[in-house]
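In my numbering, the protein residues as written are 387 to 570.
Here's the structure we're looking at; comments come further down.
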Amino acid sequence: MSEGAPETEALRRRGRCHVLPDGVSLDDGIIPARFSAQRVMDPALLAPHLFETVDPALAARISPGDIIMAGRDFASGKPRLQGLIALEALGLSVICTSMPYRILRRAVARAIPVLTGAGDPAHLALDGDELSVDFAAGTLVNHTRAASTALPPLAPALAAIVSSGGTRAMLRRWLAAHPEQARR
Numbered sequence: 387m388s389e390g391a392p393e394t395e396a397l398r399r400r401g402r403c404h405v406l407p408d409g410v411s412l413d414d415g416i417i418p419a420r421f422s423a424q425r426v427m428d429p430a431l432l433a434p435h436l437f438e439t440v441d442p443a444l445a446a447r448i449s450p451g452d453i454i455m456a457g458r459d460f461a462s463g464k465p466r467l468q469g470l471i472a473l474e475a476l477g478l479s480v481i482c483t484s485m486p487y488r489i490l491r492r493a494v495a496r497a498i499p500v501l502t503g504a505g506d507p508a509h510l511a512l513d514g515d516e517l518s519v520d521f522a523a524g525t526l527v528n529h530t531r532a533a534s535t536a537l538p539p540l541a542p543a544l545a546a547i548v549s550s551g552g553t554r555a556m557l558r559r560w561l562a563a564h565p566e567q568a569r570r
């Protein structure tokens, strides 16, 4: 494996597709609001409740590495972290028509690959389709339908953050290379 391979692999995903409607909010659609009110931050407690207000059985069908395909305004609403913590814990990635930029930045900071500008999810995949996505190149292959689609790729600066494991991992590596900058 070459030195750059792990970074490239972080931006390539293969998994089952889970299609969600427009307007799945971050503050109640991804994780129920009661977890935000209780300030629950444990991924093990959050992941079983992923999308339960949208589809109560969806969390049981999601496997680590699966791909969320959503419509407009995915992760809109109040910027609660619990939904992103659950997505990150399961190694999920997101393809959507649109999402607030502030939430896109927070997802990338947690090393969650996201592609926006995908158009109508129903034209790309159905629930359960097997997909491969290259977030850096902006390519989606639907293995179930034997079709491929070009999508707007993840911006190179954001791809670098995701591929390095998120902002915290990126900062840890930078501080290790520049120990004189670490707080003593």
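Ideal Cβ positions, reconstructed from N, Cα and C, are used throughout, including at glycine.
Measuring alpha carbon to alpha carbon, tell me which residue in Pro407, Asp515, Asp428 and Val426 is nearest threonine 439. Pro407
Check whether the Cβ atoms of arginine 425 and serine 518 lie closer than 8 angstroms to each other. no
Nearest-angstrom Cα distance between arginine 420 and glutamate 566? 43 angstroms
Can you have a look at histidine 529 and say buried or exposed, based on whether 16 or more other CB atoms are within 10 angstroms of its CB? exposed
What residues in its chain sit with their C-beta under 8 angstroms from that of arginine 488, if we drop five residues either side in the sequence? Pro465
For proline 392, which three-state DSSP category applies? Bear in mind that the predicted position of proline 392 carries a pLDDT of just 45, short of 50, making it unreliable; the figure below should be weighed with that in mind. Of the three classes helix, strand and coil, the one that applies to proline 392 here is helix, per DSSP.
Please name the residue in Leu432, Ser411, Ala555 and Ile498 whose C-alpha comes closest to that of glutamine 468. Cα-wise, what sits closest to glutamine 468 is Leu432.
When the distance is taken between beta carbons, is valine 480 closer than 8 angstroms to alanine 493? yes
Identify, in the order they occur along the chain, each residue of the same chain with its Cβ nearer than 7 angstroms to the Cβ of leucine 490, setting aside the five sequence neighbours on each side. Val500 and Thr502
How would you write the range of the alpha helix (DSSP H) that isoleucine 471 sits in, first residue to last? Counted as a single uninterrupted DSSP element, the alpha helix (DSSP H) harbouring isoleucine 471 occupies residues 468-475.
Would you mind stating whether threonine 483 and glycine 524 have Cβ atoms separated by less than 8 angstroms? no
Please classify aspartate 520: does DSSP put it in a helix, a strand, or coil? strand
Determine the direct distance from the alpha carbon of serine 462 to that of isoleucine 453, and round the result to whole angstroms. 18 angstroms
Would you mind giving the Cβ-Cβ distance between alanine 522 and leucine 436, rounded to the nearest angstrom? I have them listed as a contact below 8 angstroms. Not quite, the Cβ-Cβ distance comes to about 26 angstroms (not below 8 angstroms), so this is no contact.
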